[in-house]
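A.B. asks:
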Amino acid sequence: MNNLRYKRRKMIQKVMFFFSVASAFIGIAFLFLILGYVIYKGAGGINIDFFTKLPTPVGVPGGGMANALIGSFYLVGLASLFSIPVGILTGVYLSEFGRGLFASAVRFMAETLTGVPSIIIGIFAYSVVVISMGRFSAFAGAFALSILMLPIITKSTEEILRMVPESLREASLALGIPRWKTILKVVLSTAKSGIITGIMLAIARVGGEAAPLLFTAFGNSYMNWRPDQPIASLPVQLYVYAISPYEDWHTKAWAAALVLIGIVLMTNIMARIYAGSK
Amino acid sequence: MGKSSSNKELRWLFNKDRAFKGFTALLALILLLLVIGIFFKLILSSRLSFGAFGFKFLTSSVWDPVKGIFGALPFIWGTFVSATLALCFALPLSIGIAIFLSELSPLWMRQPVSFIIDLLAAIPSVIYGFWGLFVLAPVMQIYIEPVLAKYLGFLPLFKGYPLGVGMLTGSIIVAIMIMPTISSISREVLATVPTHQKEAALAIGMTKWETIWKIMLPYGRSGIVAAVILGYGRALGETMAVTMVIGNTPQISLSLFDPAYTIASVIANEFSEATNELYLSSLVELGLVLFAITLIFNAFAIFLLWKMKKFEGVRT
Chain A
1 MNNLRYKRRK MIQKVMFFFS VASAFIGIAF LFLILGYVIY KGAGGINIDF FTKLPTPVGV
61 PGGGMANALI GSFYLVGLAS LFSIPVGILT GVYLSEFGRG LFASAVRFMA ETLTGVPSII
121 IGIFAYSVVV ISMGRFSAFA GAFALSILML PIITKSTEEI LRMVPESLRE ASLALGIPRW
181 KTILKVVLST AKSGIITGIM LAIARVGGEA APLLFTAFGN SYMNWRPDQP IASLPVQLYV
241 YAISPYEDWH TKAWAAALVL IGIVLMTNIM ARIYAGSK
Chain B
1 MGKSSSNKEL RWLFNKDRAF KGFTALLALI LLLLVIGIFF KLILSSRLSF GAFGFKFLTS
61 SVWDPVKGIF GALPFIWGTF VSATLALCFA LPLSIGIAIF LSELSPLWMR QPVSFIIDLL
121 AAIPSVIYGF WGLFVLAPVM QIYIEPVLAK YLGFLPLFKG YPLGVGMLTG SIIVAIMIMP
181 TISSISREVL ATVPTHQKEA ALAIGMTKWE TIWKIMLPYG RSGIVAAVIL GYGRALGETM
241 AVTMVIGNTP QISLSLFDPA YTIASVIANE FSEATNELYL SSLVELGLVL FAITLIFNAF
301 AIFLLWKMKK FEGVRT
């Protein structure tokens, strides 16, 4: 009787463990299914033209996505100009001075802002920048992306700075070095690799965003270098091509997907390896 | 050097300290003002629509841009149903993964497996959508939905014509996307369970599974709930992937095969085409609704996580 009950409990354990292992397997399988399919469909579309040529009209063979590729780097670069320094220094504030209600409020807002759907940030950028400028622009897109990057960089910087041992700060202060210099020269430089990892993860995250760019940076079939003009980006162009009815555009969209997934995953993996090696 | 001059020097240094602190605090203020700014800007820009429809906006199911009548109900329905369904798929899998990684997996597998699962979260939404549209939707249409219709067709959930794109496919895509969020937080939560708790359970004769199910999961309950809410919030706001596979039809249908529409999707599709002020304002009001919903869910999850971390003595 007891033996039977024991067997039953063992049985439940077996079933549940099987399920647990299976779910890990399913998770891994999905990554490889998606990755594999994107490589399978996209590899054929990758050539020099893809990286160097502008898109051609439907039906005209050839062409590439140079404008979107450069546009994506342009947007993320422009966004970084604001969000990296502000994010790092906000992280510094939270970790080095951040006690009390104000700091808790900022921390709370950073957490919430990470969870706000990126399309909402797009609406905000639209109503603040696009409406006042009167047109879609690279600046509006970068504005949206920088809002997405800011809380990620802030949080990761704070986390990393808290791991810098207190004794380092004390040693520096004991030498008579003022606090601000201690933070800039000792604390920040000790945590440099961790901060860079955080920045790379933030870049990988917003580099794949299409939603906040749909009605801010909009899109452009030509190369654009001016911040006050609409600009193409890889995710948006990929989206437009993917939902189009043209076979030729689908082929290009798969190539774009492969390039995008490659850049994003490589940035991610590099950031983690870099963080792990230090 | 006299005493007064070195004092002066010291004061000068401390003033710089204060200036530095003030400067960083000022930059920190930006974050605070941003969230408040987004909130007010959305309220301000949706005034027109709120003035025209009032609270009926939330309960009306007519969305007719041509006639200028806007009701949000089908979108709210689509958003909640797709996110809830996605959570139903993702929750058992995520918890299963968390248990695997924290308890079952051999040590050498732990890091690579959690790394791979985390990479799932890094894939851009638009690529999920693209894959969903060209791979998952046809598979659903040809293989899975007909089988569901055949055996479970008596339920209203599985009535109708299998289109491939629709509520069910959309939810599955979202489930894959939120799985890493839930599983990685749950794994961290499970790691906080003290060893003596586990050992005590094993010592009184519990099986390993019973220890996990009756001791570890209840111990980390609030953290896991927080993980689930965070995942749910993400599911509610997911945009590009959903837009590409959910079918984009503003209707309230019980059938999971039918196309649906979510708040984020309608904004993505129609925002840059909104031809008049009222149309645009209605879309912004939809955005406000989504913002408010995700804000509430997020705030609750953060509150739970903070409380837990305080309890654990872990510094965030």
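From first to last, the protein sequence lines stand for chains A and B. The working numbering applies: residue 1 is where the first sequence begins, and numbers increase by one. The working numbering applies: residue 1 is where the second sequence begins, and numbers increase by one. For glycine and all other residues, C-beta sits at the position ideal for the given N, C-alpha and C.
If you check the beta carbons only, do residue 58 (chain A) and residue 241 (chain A) fall under 7 Å apart?
C.D. replies: Start at 1 with the first residue of the first sequence, and residue 58 (chain A) comes out as number 58. Start at 1 with the first residue of the first sequence, and residue 241 (chain A) comes out as number 241. Not closer than 7 Å, so no.
A.B. asks: Return the bridge partner residues of residue 261 (chain A) from the DSSP annotation.
C.D. replies: Here residue 261 (chain A) corresponds to residue number 261 of the first sequence, with the count starting at 1. DSSP lists no beta-bridge partner residue for residue 261 (chain A).
A.B. asks: What are the boundary residues of the alpha helix (DSSP H) that includes residue 112 (chain B)?
C.D. replies: By one-based count along the second sequence, residue 112 (chain B) stands at place 112. First-last of the alpha helix (DSSP H) with residue 112 (chain B): 107 to 122.
A.B. asks: Under 7 Å between the Cβ atoms of residue 169 (chain B) and residue 136 (chain B)?
C.D. replies: Position 169 of the second sequence, counted from the first residue, corresponds to residue 169 (chain B). Position 136 of the second sequence, counted from the first residue, corresponds to residue 136 (chain B). Yes, they are a contact pair.
A.B. asks: Going by beta carbon distance, what residues of the same chain come within less than 7 Å of residue 53 (chain A), once the five residues before and after it are set aside?
C.D. replies: Position 53 of the first sequence, counting from 1, holds the residue named residue 53 (chain A). The residues are 62, 63, 64 and 66.
A.B. asks: Any idea what DSSP makes of residue 32 (chain A), helix, strand or coil?
C.D. replies: Position 32 of the first sequence, counting from 1, holds the residue named residue 32 (chain A). Looking at residue 32 (chain A) - three-state DSSP - the assignment turns out to be helix.
A.B. asks: Could you give the distance in angstroms between the alpha-carbon of residue 71 (chain A) and the alpha-carbon of residue 61 (chain B)?
C.D. replies: Counted from its first residue, the first sequence places residue 71 (chain A) at position 71. Counted from its first residue, the second sequence places residue 61 (chain B) at position 61. Rounded to the nearest angstrom, the two C-alpha atoms are 39 Å apart.
A.B. asks: May I ask you to verify whether the segment 72 to 79 of chain B touches the segment 255 to 271 of chain B, counting CB pairs closer than 8 Å and requiring at least 3?
C.D. replies: yes
A.B. asks: By the 10 Å Cβ neighbour count, where 16 or more other Cβ atoms means buried, how is residue 74 (chain A) classified, buried or exposed?
C.D. replies: Position 74 of the first sequence holds residue 74 (chain A). So residue 74 (chain A) ends up on the buried side.
A.B. asks: Take residue 151 (chain A) and list the residues in its own chain whose beta-carbon comes closer than 7 Å to its own, dropping the five residues that flank it on each side.
C.D. replies: Position 151 of the first sequence holds residue 151 (chain A). For residue 151 (chain A), where only same-chain residues beyond five positions count, the Cβ hits under 7 Å are 110, 113 and 114.
A.B. asks: Under a Cβ-count criterion, where at least 16 other Cβ atoms within 10 Å of its own Cβ denotes burial, should residue 133 (chain B) be classed as buried or exposed?
C.D. replies: Locating residue 133 (chain B) in the second sequence gives position 133, where the first residue counts as 1. The residue in question, residue 133 (chain B), is buried, as its Cβ has 16 or more Cβ neighbours within 10 Å.
A.B. asks: Are the Cβ atoms of residue 124 (chain B) and residue 259 (chain A) separated by less than 7 Å?
C.D. replies: Here the question's residue 124 (chain B) lines up with position 124 in the second sequence. Here the question's residue 259 (chain A) lines up with position 259 in the first sequence. Cβ atoms of residue 124 (chain B) and residue 259 (chain A): not closer than 7 Å.
A.B. asks: Buried or exposed for residue 226 (chain A), please, with buried defined as at least 16 other CB atoms from any protein chain shown within 10 angstroms of its CB.
C.D. replies: Sequence index remark: in the first sequence, residue 226 (chain A) carries index 226 (1-based). Looking at its Cβ environment, which holds fewer than 16 other Cβ atoms inside 10 Å, residue 226 (chain A) is exposed.
A.B. asks: Can you find a C-beta in chain A that's less than 7 Å from the C-beta of residue 121 (chain B)?
C.D. replies: Numbered from 1 along the second sequence, position 121 holds the residue referred to as residue 121 (chain B). Under the 7 Å criterion on CB atoms, residue 121 (chain B) is classed as non-interfacial with respect to chain A.
A.B. asks: Check the Cβ of residue 16 (chain A) against every Cβ in chain B and list those closer than 7 Å, keeping chain order.
C.D. replies: For the purposes of this step, residue 16 (chain A) is taken as residue 16 along the first sequence, with counting starting at 1. Correct list: 209.
A.B. asks: Three or more C-beta pairs closer than 8 Å, one from the segment 195 to 211 of chain A and one from the segment 264 to 276 of chain A: is that the case here?
C.D. replies: yes
A.B. asks: Hey, out of B:97, B:126, B:104 and B:129, whose CA is closest to residue 114 (chain B)'s CA?
C.D. replies: In the second sequence, residue 114 (chain B) corresponds to position 114, counting from 1. The candidate whose alpha carbon is nearest that of residue 114 (chain B) is B:97.
A.B. asks: Terminal residues of the continuous alpha helix (DSSP H) containing residue 275 (chain B)?
C.D. replies: Within the second sequence, numbered from 1, the residue matching residue 275 (chain B) stands at position 275. Element bounds for residue 275 (chain B): n/a, residue is neither H nor E.
A.B. asks: Classify residue 64 (chain B) as buried or exposed, calling it buried when 16 or more other Cβ atoms lie within 10 Å of its own Cβ.
C.D. replies: Position 64 of the second sequence holds residue 64 (chain B). It is exposed - the Cβ of residue 64 (chain B) has fewer than 16 other Cβ atoms within 10 Å.
A.B. asks: Find out if the Cβ-Cβ distance for the pair residue 240 (chain B), residue 166 (chain B) is shorter than 7 Å.
C.D. replies: On the second sequence, position 240 is the one that residue 240 (chain B) refers to. On the second sequence, position 166 is the one that residue 166 (chain B) refers to. Their beta carbons are not under 7 Å apart, which means residue 240 (chain B) does not touch residue 166 (chain B) by this criterion.
A.B. asks: If you draw a straight line from the alpha carbon of residue 315 (chain B) to that of residue 252 (chain A), how long is it in whole angstroms?
C.D. replies: Within the second sequence, numbered from 1, the residue matching residue 315 (chain B) stands at position 315. Within the first sequence, numbered from 1, the residue matching residue 252 (chain A) stands at position 252. Low confidence applies here, because residue 315 (chain B) scores a pLDDT of 37, under 50, leaving its location unreliable; read the following figure in that light. Straight-line Cα distance between these residues: approximately 47 Å.
A.B. asks: For a cutoff of 7 Å on Cβ pairs, would you count residue 229 (chain A) as touching chain B?
C.D. replies: Within the first sequence, numbered from 1, the residue matching residue 229 (chain A) stands at position 229. Chain B, which has no Cβ nearer than 7 Å to the Cβ of residue 229 (chain A), makes this no.
A.B. asks: Check each residue of the segment 210 to 221 of chain A: if its Cβ is closer than 8 Å to any Cβ of chain B, include it; give the result in chain order.
C.D. replies: Answer in chain order: 210, 211, 214, 215 and 218.
A.B. asks: Checking contacts by CB at 7 Å: is residue 111 (chain A) closer than that to chain B?
C.D. replies: Position 111 of the first sequence holds residue 111 (chain A). Interface residue, yes.
A.B. asks: Given the structure, does residue 119 (chain A) come close to the ligand PLP, in the sense that its CB is under 6 Å from one of the ligand's heavy atoms?
C.D. replies: Among the ligands in the structure shown, none appear at all, so the ligand PLP cannot be discussed.
A.B. asks: Which same chain residues, not among the five before or five after residue 220 (chain A), have their C-beta less than 6 Å away from its C-beta?
C.D. replies: Counted from its first residue, the first sequence places residue 220 (chain A) at position 220. 230, 231 and 232, listed in sequence order.
A.B. asks: Going by alpha carbons, who is nearest to residue 51 (chain A) out of A:244, A:234 and A:167?
C.D. replies: One-based indexing of the first sequence puts residue 51 (chain A) at position 51. Checked all of A:244, A:234 and A:167; the closest Cα to residue 51 (chain A) is A:234.
A.B. asks: Check whether the Cβ atoms of residue 141 (chain B) and residue 164 (chain B) sit closer than 7 Å, and answer yes or no.
C.D. replies: For the purposes of this step, residue 141 (chain B) is identified with residue 141 of the second sequence, where counting begins at 1. For the purposes of this step, residue 164 (chain B) is identified with residue 164 of the second sequence, where counting begins at 1. Result yes, Cβ atoms of residue 141 (chain B) and residue 164 (chain B) sit closer than 7 Å.
A.B. asks: Please tell me whether residue 71 (chain B) has its Cβ less than 7 Å away from any Cβ of chain A.
C.D. replies: Start at 1 with the first residue of the second sequence, and residue 71 (chain B) comes out as number 71. Output row for residue 71 (chain B): interface = no.
A.B. asks: Do residue 42 (chain B) and residue 287 (chain B) have their CB atoms nearer than 7 Å?
C.D. replies: As a position in the second sequence, residue 42 (chain B) is number 42, starting the count at 1. As a position in the second sequence, residue 287 (chain B) is number 287, starting the count at 1. Yes, these two residues count as a Cβ contact at 7 Å.
A.B. asks: Please report the straight-line C-alpha distance between residue 301 (chain B) and residue 108 (chain A), rounded to a whole angstrom.
C.D. replies: Position 301 of the second sequence, counting from 1, holds the residue named residue 301 (chain B). Position 108 of the first sequence, counting from 1, holds the residue named residue 108 (chain A). In a straight line, the C-alpha of residue 301 (chain B) is about 11 Å away from that of residue 108 (chain A).
A.B. asks: Buried or exposed for residue 41 (chain A), going by 16 or more other Cβ atoms inside 10 Å?
C.D. replies: Working through the first sequence from its first residue, we reach residue 41 (chain A) at position 41. Flag for residue 41 (chain A) reads buried.
A.B. asks: Would residue 190 (chain A) pass as an interface residue toward chain B - the criterion being a Cβ-Cβ separation below 7 Å?
C.D. replies: Counting from 1 along the first sequence, the entry for residue 190 (chain A) is found at position 190. Not one chain B Cβ lies under 7 Å of residue 190 (chain A).
A.B. asks: Using a threshold of 7 Å, state whether the C-beta atoms of residue 293 (chain B) and residue 234 (chain B) are closer than that.
C.D. replies: To locate residue 293 (chain B), count along the second sequence from 1; it is residue 293. To locate residue 234 (chain B), count along the second sequence from 1; it is residue 234. Result no, Cβ atoms of residue 293 (chain B) and residue 234 (chain B) do not sit closer than 7 Å.
A.B. asks: Can you confirm whether the segment 140 to 147 of chain A touches the segment 79 to 94 of chain A when touching is taken to mean that 3 or more C-beta pairs between the two stretches lie within less than 8 Å?
C.D. replies: yes
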